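J.: Right, I'll just put the structure down here and ask away after.
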Amino acid sequence: MSYVEVPGAKVPIRMWTDPASVEDVAMQQLRNVSTLPWIKGLAVMPDVHFGKGATVGSVIAMQGAVCPAAVGVDIGCGMSAVRTSLTANDLPGDLSRLRSKIEQAIPVGRGMHDGAVDPGKLHGFPTSGWDDFWGRFDGIAEAVKFRQERATKQMGTLGSGNHFIEFCLDETGSVWLMLHSGSRNIGKELADFHIGQAQKLPHNQGLIDRDLAVFVADTPQMAAYRNDLFWAQEYAKFNRAIMMGLFQDVVRKEFKKARVTFEPVISCHHNYVAEERYEGMDLLVTRKGAIRAGSGDYGIIPGSMGTGSYIVKGLGNEKSFNSASHGAGRRMSRNAAKKRFSTKDLEEQTQGVECRKDSGVVDEIPGAYKPIERVIDQQRDLVEVVAKLKQVVCVKG
24 MSYVEVPGAK
34 VPIRMWTDPA
44 SVEDVAMQQL
54 RNVSTLPWIK
64 GLAVMPDVHF
74 GKGATVGSVI
84 AMQGAVCPAA
94 VGVDIGCGMS
104 AVRTSLTAND
114 LPGDLSRLRS
124 KIEQAIPVGR
134 GMHDGAVDPG
144 KLHGFPTSGW
154 DDFWGRFDGI
164 AEAVKFRQER
174 ATKQMGTLGS
184 GNHFIEFCLD
194 ETGSVWLMLH
204 SGSRNIGKEL
214 ADFHIGQAQK
224 LPHNQGLIDR
234 DLAVFVADTP
244 QMAAYRNDLF
254 WAQEYAKFNR
264 AIMMGLFQDV
274 VRKEFKKARV
284 TFEPVISCHH
294 NYVAEERYEG
304 MDLLVTRKGA
314 IRAGSGDYGI
324 IPGSMGTGSY
334 IVKGLGNEKS
344 FNSASHGAGR
354 RMSRNAAKKR
364 FSTKDLEEQT
374 QGVECRKDSG
384 VVDEIPGAYK
394 PIERVIDQQR
404 DLVEVVAKLK
414 QVVCVKG
């Protein structure tokens, strides 16, 4: 489908989904965003749903301002995937050992490594910029500096919620490794700190929603936020790179005879800010639950822990600010999913997948998400599908 335009206060709301299918609270959030004085455009992806602070699946283009709540608290959250030389024929009948080895190598939930992971020991890890990145830690907000030790130990860890590590097959039988994570606790604490700072600023006092408080250009608060934001986005990128390195090491050891090789890793943020130019304007584009889909950009759009995921290539549609959805998108809240579904439902909906099937992950059940095929179909003018993946192992925190 192409987009549907819904009237907004200062800009129209371009929606790549049926507006009638969007929950009222999410539509109100979008209308609120359209009132911001600095806004130049608002695009809404087909995985749209209500989010804390700002709508998930929204792409907000502003001039001279950025809204930290519209990035979200998991700054730089995103996906990485890589195709391997393995095929379905190389896999054992029981994948429980593989799942166990992944969980041993990569801490999940609130877990962390005993000490900092040495990226130099990881095959193919892009170490350029690593020392410079940690050297800039002294320049981030004083309020979170006491978290340095935790940040170093959480680098290369999964977290919980909708984050996952998967071992997948594409339609040709090739094996892919895929994972989803962000900037861990350090990103959350930086986001919380700056959201609080923005809400105190005088120019935000008359906003329709205090969660939409912004920083404006050429102020010390904006400079401080941009510094910490870009550092956290880099943390998230390195976090996924280390996890992928650890994941590849596990696969090499488990499939020694196959002498596994890996293609270049595809990686993309979906909670972040980028400086981009549209219609002759230099804009700050915030994607919360959206990936960049510029012409030729590779991206990853996952479903849920029992459905397929897609590797895509962007078509460069400027009406969406070169964006596409970040996943299937939730169709019910975590609490609603826990009330609606049981562990028996989870077992049925994740049949054939080696994964947790206990009450702790019922809120991540496939039934709590929108159908991924429909979400992909609604953005055919934003991306083309390169590969469809189906997980056989899923690790959750």
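Quick note: the sequence shown uses the numbering used here, first residue 24, plus one each step.
For each residue, glycine too, the CB sits at the ideal point set by N, CA and C.
All figures in this text were calculated on a predicted structure; none of them were measured in a lab.
For residue 124, which residues in the same chain have their Cβ closer than 8 Å to its Cβ, ignoring the five residues on either side in sequence?
T.: Within the sequence shown, numbered from 1, the residue matching residue 124 stands at position 101. So the qualifying residues of the chain are 273, 276 and 277.
J.: Would you call residue 69 buried or exposed, if buried means 16 or more other Cβ atoms sit within 10 Å of its Cβ?
T.: Indexing the sequence shown from 1 puts residue 69 at position 46. Buried: at least 16 other Cβ atoms inside 10 Å.
J.: Alpha carbon to alpha carbon, how far is residue 414 from residue 383?
T.: Numbered from its first residue, the sequence shown carries residue 414 at position 391. Numbered from its first residue, the sequence shown carries residue 383 at position 360. Cα to Cα, the separation comes out at about 20 Å.
J.: Out of 218, 368 and 135, which one is the CA nearest neighbour of residue 180?
T.: To locate residue 180, count along the sequence shown from 1; it is residue 157. Residue 135 is the option with its Cα nearest to residue 180.
J.: Is the separation between the beta-carbon of residue 288 and that of residue 309 shorter than 8 Å?
T.: As a first step, residue 288 must be located in the sequence shown, where it is residue number 265. As a first step, residue 309 must be located in the sequence shown, where it is residue number 286. No.
J.: In angstroms with no decimal places, state the Cα-to-Cα distance between residue 354 and residue 170.
T.: Here residue 354 corresponds to residue number 331 of the sequence shown, with the count starting at 1. Here residue 170 corresponds to residue number 147 of the sequence shown, with the count starting at 1. Roughly 35 Å between the two C-alpha positions.
J.: Within a Cβ cutoff of 7 Å, which residues of the same chain sit near residue 304, ignoring the five residues on either side of it in sequence?
T.: For the purposes of this step, residue 304 is taken as the residue at position 281 of the sequence shown. The residues are 63 and 86.
J.: Alpha carbon to alpha carbon, how far is residue 26 from residue 251? Give it in angstroms, no decimals.
T.: Position 228 of the sequence shown, counted from the first residue, corresponds to residue 251. Position 3 of the sequence shown, counted from the first residue, corresponds to residue 26. Taking the straight line joining both Cα atoms gives about 34 Å.
J.: Tell me the DSSP secondary structure of residue 129 in three-state form.
T.: On the sequence shown, residue 129 is found 106 positions in, with the first residue counted as 1. Coil, per DSSP.
J.: Quick check: the stretch 368-375 against the stretch 113-123, are at least 3 beta-carbon pairs closer than 8 Å?
T.: Contact between the stretch 113-123 and the stretch 368-375 is absent, because fewer than three Cβ pairs lie under 8 Å.
J.: Are three or more beta carbon pairs between the stretch 338-355 and the stretch 310-322 nearer than 8 Å?
T.: Enough Cβ pairs lie closer than 8 Å, so yes.
J.: What span of residues does the alpha helix (DSSP H) with residue 272 cover, start to end?
T.: Taking the first residue of the sequence shown as position 1, residue 272 is located at position 249. It spans 243-277 - the alpha helix (DSSP H) in which residue 272 sits, taken as one unbroken run.
J.: By Cβ distance below 8 Å, which residues in the same chain neighbour residue 389 in space, the five residues on each side in sequence not counted?
T.: Along the sequence shown, one-based indexing puts residue 389 at 366. Only 326, 327, 328, 329, 330, 372 and 373 meet the Cβ criterion.
J.: Under three-state DSSP, which class holds residue 285?
T.: Taking the first residue of the sequence shown as 1, we reach residue 285 at position 262. Strand at residue 285.
J.: Can you tell me which of 378, 376, 375 and 385 puts its alpha carbon nearest to the alpha carbon of residue 364?
T.: Counting from one through the sequence shown, the residue named residue 364 turns up at place 341. The shortest Cα separation from residue 364 among 378, 376, 375 and 385 belongs to 385.
J.: Let me confirm a value: residue 72 is counted as buried when at least 16 other C-beta atoms fall within 10 Å, else exposed. Which label applies?
T.: Looking up residue 72 in the sequence shown gives position 49. Answer is buried; the Cβ neighbour count reaches 16.
J.: Taking the continuous alpha helix (DSSP H) assigned at residue 218, which residues delimit it?
T.: Numbered from 1 along the sequence shown, position 195 holds the residue referred to as residue 218. Unbroken alpha helix (DSSP H) run through residue 218: 207-222.
J.: Among the residues of its own chain, which have a CB less than 8 Å from the CB of residue 395, if the five just before and after it don't count?
T.: Working through the sequence shown from its first residue, we reach residue 395 at position 372. Correct list, in chain order: 324, 325, 326, 327, 330, 331, 332, 333, 350 and 351.
J.: Between 100, 99, 183 and 51, which has its C-alpha nearest residue 76's C-alpha?
T.: Mapped onto the sequence shown, residue 76 falls at position 53. Checking every option, the nearest Cα to that of residue 76 belongs to 51.
J.: Count the other C-beta atoms from every protein chain shown that fall within 10 angstroms of the C-beta of residue 203, then say buried if there are 16 or more, exposed otherwise.
T.: Counting from one through the sequence shown, the residue named residue 203 turns up at place 180. So residue 203 ends up on the buried side.
J.: By DSSP, does residue 60 sit in helix, in strand, or in coil?
T.: The residue labelled residue 60 in the question sits at position 37 within the sequence shown. Reduced to three states, the DSSP call for residue 60 is coil.
J.: Where residue 65 and residue 238 are concerned, what is the direct C-alpha to C-alpha distance, given to the nearest angstrom?
T.: As a position in the sequence shown, residue 65 is number 42, starting the count at 1. As a position in the sequence shown, residue 238 is number 215, starting the count at 1. If I take the Cα positions, the gap works out to 18 Å.
J.: How far does the alpha helix (DSSP H) with residue 156 in it extend, from its first residue to its last?
T.: Looking up residue 156 in the sequence shown gives position 133. Segment 153-158, the alpha helix (DSSP H) holding residue 156.
J.: Here's a check: name, in chain order, each residue in its chain whose Cβ is nearer than 6 Å to the Cβ of residue 131, leaving out the five neighbours to either side.
T.: For this step, residue 131 is matched to residue 108 along the sequence shown. The answer, listed in chain order, is 181 and 420.
J.: Tell me whether residue 186 is buried or exposed, calling it buried when 16 or more other Cβ atoms sit within 10 Å of its Cβ.
T.: Here residue 186 refers to the residue found at position 163 when the sequence shown is read from its first residue. Classification of residue 186: buried, given that the 10 Å Cβ count is 16 or more.
J.: Please list the terminal residues of the continuous alpha helix (DSSP H) segment that includes residue 165.
T.: Reading the sequence shown from its first residue, position 142 is the one you call residue 165. No alpha helix (DSSP H) contains residue 165, which DSSP labels as neither H nor E.
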